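Residue numbers (mature numbering (1 follows the signal peptide of the UniProt record, and there is no 0)): -19 to -1, 1 to 379.
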């Protein structure tokens, strides 16, 4: 009986550690892109402790980079601006030293982002990086167009990145692979139903063979819509890379359009985060009107108090306030209403601040397994010693 219990425990541990592996990201089964074919693709180097991870992103609106939240979040904490290096107009990483590193003003992670340490699934896996200065468009650098609607199932789209191409080291040149969009219902059949949410988008072949992988995290899934290339997804997670019946899972850009726009305007409310299509922000004119009305009423109340106080003082000084001489005890003055107390409500947490109390332990060492899901992996043979590779679809550099 004792051996049966031990065998059962080992079997369970093997299942958890093998069938639910960390997320990984890379281009498998693809080919090198034309030089600057995707001029909005950004190369990111993210440093944490003694490791550096690589990710991708998409430039849009001149100074914003769209990427995955897991690229810029470690142990439940968003990395600082100085821990992320952004490069644009890159094709071959061997030439990375010749490219300008762009400064960062702010990193914003979705407030509901969560990494499930049991299943290694990424929820609300989206983040924005605001650059310090606008980037002038050129032949090598252009803004991406973000899609307003999700593509139909079976639409052939392309995912690009510098991640792993299989069991070999990461690619030094930008590569892409074509993958078909699959429906949510079909994706839920291929994974555990509860893992796939409305803010996710799935793409891949039933037979596998083509996918993103370690090192591609945060990169764009792009489709041709009405004759132009639109970014529809962000490389997020998947079970291994290019496995049969295990499609890649992406954060849906159309789903997060409201969040993106409100974040850019700095109007994201603390109650937001789980937006639906058509949802709009009520902040703006209404808030300004409330502030003005409050100021006016506050001024009126203050004026009444001042006038009343002046009237009482004048009345007292003119002798109109009488004391009964037959009463040896002075008449007690009527007291003013109880003193005002100003109660301060707790200030709203910054809407873009990331907190997750559940993340109170270190990521599993399984993240280093090449068959893992799409989380950062250390990159080997980094050109010019400029970088290493990340986790989830991140790939750590040695």
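Glycine included, every Cβ here is placed at the ideal spot set by N, Cα and C.
These figures come from a predicted structure and were not determined experimentally.
Residue 86 counts as exposed, since fewer than 16 other beta carbons sit within 10 angstroms of its beta carbon.
With respect to the 8 Å criterion, residue 59 and residue 9 are not classified as neighbours on the basis of their beta carbons. Secondary structure at residue 25: strand, using DSSP grouped into helix, strand and coil.
Measuring C-alpha to C-alpha distances from residue 155 to each of 124, 73, 123 identifies 73 as the nearest.
Between the segment 93 to 110 and the segment 43 to 57, the count of C-beta pairs closer than 8 Å reaches three or more; the two stretches touch. The C-beta of residue 184 has 16 or more other C-beta atoms within 10 Å across all chains shown, which makes the residue buried. CA-CA distance, residue 105 to residue 194, rounds to 19 Å.
Residue range 137 to 142 is occupied by the beta strand (DSSP E) that includes residue 140. The three-state secondary structure of residue 96, taken from DSSP, is strand.
8 Å or more divides the Cβ of residue 126 from the Cβ of residue 162. Going by beta carbons, residue 214 and residue 231 fall inside the 8 Å limit. Residue state for residue 66 is assigned as strand, using DSSP reduced to three classes. The residues 160, 163, 168, 171, 183, 184, 185, 186, 192, 219, in chain order, have a CB closer than 8 Å to that of residue 228 in the same chain once the five nearest residues on each side in sequence are set aside. Per DSSP, residue 243 is one residue of the alpha helix (DSSP H) stretching across 238 to 246. Annotated as proximal: residue 24 and residue 37, with beta-carbon spacing under 8 Å. In the DSSP annotation of this structure, residue 52 is not part of any alpha helix (DSSP H), being labelled neither H nor E. Short of 7 Å from the beta carbon of residue 224, and not among the five residues preceding or following it, lie these beta carbons of its own chain, in chain order: 189. With a 10 Å radius around the Cβ and a threshold of 16 neighbouring Cβ atoms, residue 31 comes out exposed. Under the 10 Å beta carbon count, residue 66 is surrounded by 16 or more other beta carbons and is classified as buried.
Apart from sequence neighbours up to five positions away, the residues of its chain that approach residue 13 with a beta-carbon distance below 6 Å are 154, 156, ordered along the chain. 8 Å or more divides the Cβ of residue 43 from the Cβ of residue 129. Residues of the same chain with a CB within less than 7 Å of the CB of residue 209, apart from the 5 flanking positions on each side, are 126 in chain order.
In this structure residue 11 is buried. Its beta-carbon is surrounded by 16 or more other beta-carbon atoms within 10 angstroms. In the three-state DSSP reduction, residue 166 falls in the helix class (H, G or I).
Going by C-alpha positions, residue 16 is about 28 Å away from residue 64. Taking C-beta atoms under 8 Å as the contact rule, residue 199 and residue 212 fail to qualify, at a distance of about 12 Å.
When secondary structure is reduced to three states using DSSP, residue 73 falls in the strand class. Shown here, residue 283 sits in a helix according to DSSP, grouped into three states. As DSSP reads the structure, residue 12 sits in a beta bridge with 157.
Where residue 203 is concerned, the enclosing beta strand (DSSP E) starts and stops at 201 to 206.
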